[in-house]
Every structure is written in structure tokens, then in C-alpha cells.
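Participant: The end of the first sequence is residue 1067 by the working numbering, with every number in the run present. We put the beta carbon where it would ideally sit given N, CA and C, even for glycine.
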Amino acid sequence: MAVDGIFDGLPADIFSQNRWNRGIEEAIQKSSENLRLGKFDVNSKKEIFTIDTPPPYPSGRPWHLGAVAHYSKIDIMARVERMLGKEVLFPVGMDRNGLPVEKYTEKKHGVSMRDTPREEFIELCRQSLDELETEMIDILKTIGYSADFDNIYRTDSPEYRALTQATFIEQWNKGRVYKGHRPSNYCVDCGTTIADAEIEYKELKTRLVYIKFKIGGDTITVATTRPELLGACKALIVNPDDDRYTPFIGKEAVTPLYGASVKVVAHPSAKPEFGSGVVMVCSYGDYNDVMLFRELGLEETILIGTDGKMNKDAGKDIEGLLVEEARKKMVGILKEKGLLEKSENVAHRTPMCDRSKTPIEIIPMEEYYLKTIDLKDELNKLIDDLNFVTKQHKQILTDWLKVSTDWPISRRRYYGTEIPVWYCKECGEPYVPVPGEYYRPWKENPPGNPVCKKCSKSSFVGDVRTFDTWMDSSVSALFVTKYRKDEKFSGRTYPTSLRIQGVDIIRTWLNYSIVRCYQLTGKLPWRDVYVDGVGLDEHGEKMAKSKGNGVDPMPLIDEYSADAFRFWAASEASPGSNFLYSEMKVIAANKFLTKLWNVARLVNSFGNIEMGSEPKKLEDSDRWIIAETKKVVNDCRDSYSRYNLFTASNKMREFVWNVFAPHYIELVKGRAYGDGFSADEKTAALYTLNYVLKSIVKLLAPITPSVSEIIWLKNYSDESVHSQVIEQEKLEEGDEKYMSLGAAIMEFDKNVWNAKKEKKLSLKSEIDIEIPKGLGEVEKDLRSMHNIKA
RNA sequence: GGGCCCAUGGUCUAGCGGUUAUGACGUCUGCUUGACGUGCAGAAGGUCGGGAGUUCAAAUCUCCCUGGACCCACCA
278 MAVDGIFDGL PADIFSQNRW NRGIEEAIQK SSENLRLGKF DVNSKKEIFT
328 IDTPPPYPSG RPWHLGAVAH YSKIDIMARV ERMLGKEVLF PVGMDRNGLP
378 VEKYTEKKHG VSMRDTPREE FIELCRQSLD ELETEMIDIL KTIGYSADFD
428 NIYRTDSPEY RALTQATFIE QWNKGRVYKG HRPSNYCVDC GTTIADAEIE
478 YKELKTRLVY IKFKIGGDTI TVATTRPELL GACKALIVNP DDDRYTPFIG
528 KEAVTPLYGA SVKVVAHPSA KPEFGSGVVM VCSYGDYNDV MLFRELGLEE
578 TILIGTDGKM NKDAGKDIEG LLVEEARKKM VGILKEKGLL EKSENVAHRT
628 PMCDRSKTPI EIIPMEEYYL KTIDLKDELN KLIDDLNFVT KQHKQILTDW
678 LKVSTDWPIS RRRYYGTEIP VWYCKECGEP YVPVPGEYYR PWKENPPGNP
728 VCKKCSKSSF VGDVRTFDTW MDSSVSALFV TKYRKDEKFS GRTYPTSLRI
778 QGVDIIRTWL NYSIVRCYQL TGKLPWRDVY VDGVGLDEHG EKMAKSKGNG
828 VDPMPLIDEY SADAFRFWAA SEASPGSNFL YSEMKVIAAN KFLTKLWNVA
878 RLVNSFGNIE MGSEPKKLED SDRWIIAETK KVVNDCRDSY SRYNLFTASN
928 KMREFVWNVF APHYIELVKG RAYGDGFSAD EKTAALYTLN YVLKSIVKLL
978 APITPSVSEI IWLKNYSDES VHSQVIEQEK LEEGDEKYMS LGAAIMEFDK
1028 NVWNAKKEKK LSLKSEIDIE IPKGLGEVEK DLRSMHNIKA
């Protein structure tokens, strides 16, 4: 069959290979790229389907198998929608802002960001990103990702950053942004404030030290894990029901070494059973301190600088020391002076920076905040309209909405979208430019030489900070739908149809996208949300770069093919469930494709046949498998339309492997070869074999694009399988009857096989066995199949 | 402490009121059957975590318990 254009370069004798393998796949992949499935026509008459896909973050190699499986599923879903007859906007982007690449670059070049000129550091980051990105794009192409690679978007491009800034400016102008000076999560290692969502907790061993405070003529013992903050202690709290300390309530204690007077206050957050039952409240050891300072109206004294070292207010003994060092030294001093009662080991749940894995400090900083708290109720109601395909994950979002606070959006970093704000050098009044351009206040003057609207001077200094990277990615749905750029396009594509993402970024990407897009457009950014589970290693533990248990998918794909990998990804876990990696499962997927390949080889060996119309007469066995096929098509189509790749893929595997190949094909093999059958009977068998294969290959095309395409082009059409539409099949009246006939055939087959096994006969040897009455219509086929004595 | 999810043969997994409890991998036995030995056929292997209840009927619904995972708060 002619296969010009799409199918150049594929060997004519491809079916001489008896196994599905990566080599065959590579040949077809090259020609498949010419199809450019990713292109999108906004004027299409078809229903438009827009996918808001996660732009992957190039933060280091290798790209984990879990992530690649995730993108495989995303691609399958895009292909499914195309084959359900929709015009699909399937963008591919790269998330290239923020801390991870800065960390990667610092490590790679052995430099420190703050000791490198900003321009130079940015350039180094860009190089790292370009290298990592190239690899990732290669991987995406290898797995057959069918997005629009001619228009890859990058969140660090001037266009994208201009959108991040424009949307910020819109929100600023709406009064949604404010600057707050408040205790912030500060990561010393990263040198920046981070959001609550970027914190993870880890049990770390630490010393709980018991320090003696003087109170009147008495002493009271305070247990603390942060003795270095003794100089910041502003109050002691005890539980109101703790009889040991009730006499002290309201009295003034004196901090050792520092000699400050601090009041003893009753507060329920002091647990009598922990430590000594007396807690020192200092600025700031933990969140409880923050809360108590606010509640008790205490004045903070900050002892830790942004360099992670103790400042001069900490006193000369520990000034200049790192927090850890200061802690040890302080314990030594207290011991020496007899102020230490005792100390013990405890496990302490420590807040750590998600990115640098070092403990954070709570330090007051002035940062930009985006208001979100006032929208909580509204958002809570709103997300009821969001269709969570994976219902089990909705709760994570609602829980988070309950406890989340306003979002600190500024970061003291270099490689990120700049905050487009300048300040008047004279009076400090902020100047925010018009939205639309990409601004870099740290190196540029404000555009058009504006004058300060307060003091009319025209000398400005730019803010040197950047945005939290989620400020960029939270508008991905707006960027891909050309928000602020092309009204018609955006009108047709926004809100988008589907957001697909991982369960690990619900608090961040999902939440922030809703917050931002809703504030900007008044609409939720998507109709459906599919939250995918995470990839687990063989032991059921989450794969993570930090754990070093990530598996590189490429050797696996080289060995077993991308289609096998994709089939595995689709068939491994039900929607939203975590999936466990096992090479055996990928091998099994590859075996299935080999099975399909061999079915195709067999069918192909009878020559191409015209599929236009049914032959004059179909045998009952033919009618059975056709009915069965239609049911499979409808079931899978239904699963597909609900984004359930798991059910669809497993159903197909089961049908091909356990019904079609062993029962139907074996049943009609003799008829297909024509031995002892009429021409019409033979034609019916060939027609049916092709009918089933064609249906299955088409149905499988979104999951296994390469093997499907080859079989399709070889046997059925000049036109790609990927431009076909999977239609609903109409079941006919007799179909039920034929399906029960099929069940009887399969039952009978088993009986014969068992009988031959018992009699130690080979499967092809003749046997004398009675064919049940109900199988009269297929007697001829059965006799041929099992070599039953006449 | 609050919430959420999970528990099915050796492993993973489907089923979610009536099934001989699904499939894959693994194990064992046999077989060159006109495509596939990375195959075919057969077999072994499960008291569906434990207990109670609802029901004519429960792996499936309810409650309790146990054991895991995750999220949130708190831990001086």
C-alpha cells in the first residue's frame, strides 16, 4: 500500500521481524514527527479542548522515570482527545525560574550566587537551563510527546516574564498586593524568604537544655531547644493548670546572662508534661513564638541576621557565630556559670527549606504579599465547580485553603522574574509601570523617565527582588491561551478544559493558579482537574532526587521501546493512584506489544483486503468477535472520555491476549487459510480478522502511537491512524446472543485443551470429542481448530 | 491532636451487594500447534487485615480495632 510522505524510510519487509522493538519504533517515530499533531487551529469547527500542562522544571539529571511516566500519560490524554474528534491545544513549556536552577548552577560551577555579578550568574543559569532543557525535550520526543514543539514556551522568556509582571501589575492596581514587615520563613542557605508551602518538616535530633532563671529569691527552670535565643526572650509561659508554677504567674523572672526582666504568663500552649513545663518566648524560635508575640504584644529583638549568624544584640560571646555554633557555645557558657540544670536528647520536628534542605529561621523581613485570605470563602465555594477527575485529591486542596495565609511573593534571588517596581529616591513612593513590557528594575531605569507622583522628582531606584517562581507558573493557563494578547484566541480557549498535574504540587501550583487566575479573570482556569499520583520505587517509597532513588527511564526505553513504557504508564495504576515502578511490568507491556505485533503479522500475511463493506455472509463466530470488539471499543472509549487510561489499557490487553488471539484467531485460522472452506467463508474470516485488528490498533493509538501507526499504515490506510476518530459503535440486536455463543466457544476450547492435556496429546493431534448442541453453528470452525474427529 | 486515603494469592492490581473473586508478573508441568518459545496450553497458590453489625445475600454497606501512607496543627 502506498505510504508516501508520512511513511518514508520504513523497510518494506518490516513484518519479517517477529518482535516489537525499539528499532522499528525509531523508524516510525521519525516519520511521525512530520505529522505535527501539536499544531492547533483556533478557527477549527471542531470542539476545542485546551490542556494546561505542567511545564517541567529542568533542575538536574536524570529526569525521573516517575516524571516521564507522568508526561507519557499527559500525552496519551492529549492524543485521546484528538481521536475523540476535538481540536486540541496541547502546549509544551519549560519552567525555568527560581531556586532549583540557581542551586544547580552554584554546585555545577562551584560559585556562590551572591559573590557573582548578577548578570554573570544569570548567564550561567541560562546555560544550565539550556543544557538540561535540551535533554528534556529529547526525552519528550523519544516518548512520542505530541505537543507543539515549534512553540515551546519558557517561563523565563521576555514574553512570559512580561505576562507575569503584567498580571502582577494588574493585581497591584486592584489593590491585591501589599508590603508587609513580618516574621517570615527565611532560608539562610538560599538567602531568601520562602512561603509556607515551600517548607517541609523533618525530625532532627537536638538537645533540650534546662536553664535556671532567677525569680525573686527563687529559681525557675526553663527547657529550650534554642538557648542561643536567650537574649531574645521576652516572656515565660506556664500552663494555667500547672500547680508547680501558679505562684509565679504575674511575677518577673530575670534572664540569665542578659539580665532582662521577663514576665511569667499563663498560657495553654505550655504543656506541663514537656520539658520543665516552663517555656521561654523569644523572637523567634518557632511559629508559636510568633503567635505569642502578637498575642502578648511583646517587642521583638532579633538576634539572627540574614547571613545566618548571630548579630551584636546577641552579645559579644556569641556574636558572629552561626546559629548551630552559637547554640553549642551558649550551652558551654551556661554550664560554666552553673546556670544549666541538665540537658537531654530530643527529636525535634524542624521546619526545613524544601529546596536547600536546611532549617529555616524566622526573621522579620519586608516582603510583598498577595492577598488571598479574604477570598477563602469564595474560593471554597468556587472549587465545588471544579471537576476533580481524581476525587480523592480534592480534600488536600480544601484542607490547605483552610490554613493558608496571604502569599509572600517576593524572593531575594537573581534568576527569576523581576518585581516591576521602582521607588522614588526622594520620598520612597513606589512607581509601577504600565503592564505589557518586560521590566528589569535592578538594571534599568523606569520606562519613559516618569516623575514621582508624590514629590515630582524623577530619580528612582529599582527593586532588586524577584518573584516566587509560582508567580510565573500560576499563570500558565493564561499564557497558553494568549491572555492580554489575542482576545479571540483567549475567548475560545479559556477557561481551559483540563489541568493535569502531580499530587505533590497541589498546595502550590494548583492553589496558586486558582488564586491568581480567578483574581485576574473572575473565572476558574479549568473545567476538569486530573491529579496524578507519584512514582514510587520498588519498595513503595516516593522517588525523589534528594533520596537518590530515582530511576533513569532512558535505558528502559531503549531496551523495551517507548510504546511499552507508555503502555506500562497507562496500565499501571488507576487514575490518581501512586504507581510502583517495576522493570518486570515494563517487560510485560513490551510482551503485549509483541503479541499485538504478531497478530498483525499473521493478519498481514493473508494480504490486504478491502474493508469498505461487509462480505456477503459472516459466520456466527465472526459475528461473535465483532460484537465483542464493538463492546470493547465502546467501553474503552467511555473510559478514555473519563481520562481513565488504566481501565482502557487493561481492557484492551485482556481482550487481545485472552480472547481474540487464543480463541478467535485459533478458531478461524484454518478458514483464513482456506483449507476445506469456501471462498466466501474464507473472505468472511479475513474480513473479521482485519475488522478486529483495525479497531484495536486505532483504539490503542493514543497509548502506543508507534506500533499502532505502523500496523495501520501497513494494512489499512495511507492516512495516519492519529488523524482518525474513535467513534461510538452501535451494538445490534443479535450481539448479546453472539457474545454468549462466544462464551460457550471459549468454555469448549478449554475443555478440549484440558482433555488433550490429560491424554498427553499434542494440541494439533486428532481428538474424538462431542461438540455441544449450542455450538452447532460454529462446528466447522471448531473441528478445524481442534482437529476433532468427524 | 485533627483530617484524608489505603489494606484482595509470593509481588503488584481489578472488582465496590448475588462472580467458580480479575488481570499481570513470578512459580510448577507439558508442548515446535501453518503469527508470536519475549510463545502456547495446563496447574498450584486467596478464610478478600481482625472483630461486630445491616441484609435472604457482604471483598463490596455501617461501626470498632489493628497495621501502613499522606496532609495539617503543635512540640519550648
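Buried or exposed: which applies to Trp-1030, given that a residue is buried once 16 or more other Cβ atoms fall within 10 Å of its Cβ?
Facilitator: Trp-1030 should be labelled exposed.
Participant: Starting from Lys-511, trace the beta strand (DSSP E) in both directions and tell me its first and last residue.
Facilitator: Its beta strand (DSSP E) spans residues 510-515.
Participant: Check whether the Cβ atoms of Arg-784 and Leu-376 sit closer than 7 Å, and answer yes or no.
Facilitator: For Arg-784 and Leu-376, no; Cβs fall outside 7 Å.
Participant: Any idea what DSSP makes of Lys-489, helix, strand or coil?
Facilitator: DSSP places Lys-489 in strand when its eight states are reduced to three.
Participant: What residues in its chain sit with their C-beta under 7 Å from that of Leu-506, if we drop five residues either side in the sequence?
Facilitator: Excluding residues within five positions, the ones whose Cβ falls inside 7 Å are Cys-559, Gly-562, Leu-580.
Participant: Checking the sheet assignment: what are the DSSP bridge partners for His-999?
Facilitator: BP columns for His-999 are empty, so no partner.
Participant: Leaving out the 5 sequence neighbours to the left and right, which residues in its chain are closer than 8 Å to Gln-669 when beta-carbon positions are compared?
Facilitator: Around Gln-669: Gly-853.
Participant: So is Met-888 buried or exposed if we call it buried at 16+ other beta carbons inside 10 Å?
Facilitator: So Met-888 ends up on the exposed side.
Participant: Between Ile-497 and Val-555, which are expected to be in contact by the criterion C-beta below 8 Å, what is the C-beta distance as a whole number of angstroms?
Facilitator: The Cβ separation is near 6 Å, so the contact holds.
Participant: Going by DSSP in three states, Met-278 sits in which element: helix, strand or coil?
Facilitator: Residue placement at Met-278 is flagged as unreliable, the pLDDT there being 39, under the threshold of 50; the coordinate-derived value follows with that caveat. Met-278 falls in the coil class under three-state DSSP.
Participant: Three-state secondary structure (DSSP) at Lys-605?
Facilitator: Helix at Lys-605.
Participant: I need the straight-line Cα distance from Thr-1104 to Lys-350, nearest angstrom please.
Facilitator: No answer is possible for residue 1104: the residues shown for the chain start at 278 and end at 1067.
Participant: Over what stretch of residues does the beta strand (DSSP E) that includes Arg-296 continue unbroken?
Facilitator: Looking at the DSSP string, Arg-296 is not in any beta strand (DSSP E), and its letter there is neither H nor E.
Participant: Between the region 330-346 and the region 964-984, do three or more beta carbon pairs fall short of 8 Å?
Facilitator: No: the two stretches stay apart, fewer than three of their Cβ pairs being nearer than 8 Å.
Participant: Nearest CA to the CA of Asp-433: which residue from Asn-935, Ile-1046, Gln-404, Asp-318?
Facilitator: Selected option, being the one with the closest Cα: Gln-404.
Participant: Where DSSP assigns a beta bridge to Val-542, which residues make up the other side?
Facilitator: Per DSSP, Ile-514.
Participant: Can you tell me where the alpha helix (DSSP H) with Tyr-681 in it begins and where it stops?
Facilitator: One detail in the question is off: residue 681 reads as Ser in this sequence, not Tyr. No alpha helix (DSSP H) contains Ser-681, which DSSP labels as neither H nor E.
Participant: Any idea what DSSP makes of Glu-764, helix, strand or coil?
Facilitator: Looking at Glu-764 - three-state DSSP - the assignment turns out to be helix.
Participant: Have a look at Ile-1022 and Leu-1052 and give me their C-alpha separation to the nearest angstrom.
Facilitator: Using only the alpha carbons, I get a separation of about 7 Å.
Participant: Give me the DSSP bridge partner(s) of Arg-373.
Facilitator: Note: Arg-373 sits in no beta bridge, so no partner.
Participant: Taking only the alpha-carbon atoms, compute the straight-line gap between Glu-1054 and Ser-848 and give it to the nearest angstrom.
Facilitator: Their Cα atoms are separated by approximately 37 Å.
Participant: For the candidate residues Trp-747, Tyr-430, Arg-391, whose alpha-carbon lies nearest to that of Asp-407?
Facilitator: Residue Tyr-430 is the option with its Cα nearest to Asp-407.
Participant: Within 10 angstroms of the Cβ of Pro-533, are there 16 or more other Cβ atoms? Answer buried if so, exposed if not.
Facilitator: When all chains shown are included, Pro-533 counts as buried.
Participant: Measure the C-alpha to C-alpha separation of Met-642 and Pro-460 and round it to an integer number of angstroms.
Facilitator: Using only the alpha carbons, I get a separation of about 6 Å.
Participant: With 16 as the cutoff for other CB atoms within 10 Å, does Pro-368 come out buried or exposed?
Facilitator: Answer is buried; the Cβ neighbour count reaches 16.
Participant: Cys-729 to Ser-736, Cα distance in whole Å?
Facilitator: Whole-angstrom Cα-Cα distance: 8 Å.
Participant: Tell me the rounded alpha-carbon separation between Ile-640 and Thr-469.
Facilitator: When rounded, the distance between both Cα atoms is 10 Å.
Participant: May I ask you to verify whether the region 686-695 touches the region 738-745, counting CB pairs closer than 8 Å and requiring at least 3?
Facilitator: Taking 8 Å as the limit for Cβ pairs, the verdict is that the region 738-745 does touch the region 686-695.
Participant: Tell me, which residues are paired with Lys-456 by DSSP?
Facilitator: Lys-456 pairs with Tyr-645.
Participant: Looking at the structure shown, is Asn-992 part of a helix, part of a strand, or coil, going by DSSP?
Facilitator: Reduced to three states, the DSSP call for Asn-992 is helix.
Participant: Leaving out five residues on either side along the sequence, give the residues of the same chain with a beta carbon under 8 Å from the beta carbon of Tyr-463.
Facilitator: Excluding residues within five positions, the ones whose Cβ falls inside 8 Å are Thr-469, Thr-470, Ile-471, Thr-583, Ile-637, Glu-638, Ile-639, Ile-640, Met-642.
Participant: Who are Pro-707's beta bridge partners in DSSP?
Facilitator: Partner(s): Tyr-700.
Participant: For Met-1062, which option in Ala-961, His-940, Lys-765, Leu-966 has the closest C-alpha, if you only look at C-alpha atoms?
Facilitator: The shortest Cα separation from Met-1062 among Ala-961, His-940, Lys-765, Leu-966 belongs to His-940.
Participant: Of the choices Ser-890, Lys-731, Trp-699, whose alpha-carbon is the least far from that of Pro-723?
Facilitator: The candidate whose alpha carbon is nearest that of Pro-723 is Trp-699.
Participant: Taking C-beta to C-beta, are Thr-483 and Thr-502 nearer than 7 Å?
Facilitator: Yes, the pair counts as a contact, with Cβ atoms nearer than the cut-off.
Participant: So what does His-625 bridge to, in DSSP terms?
Facilitator: Paired residue(s): Leu-481.
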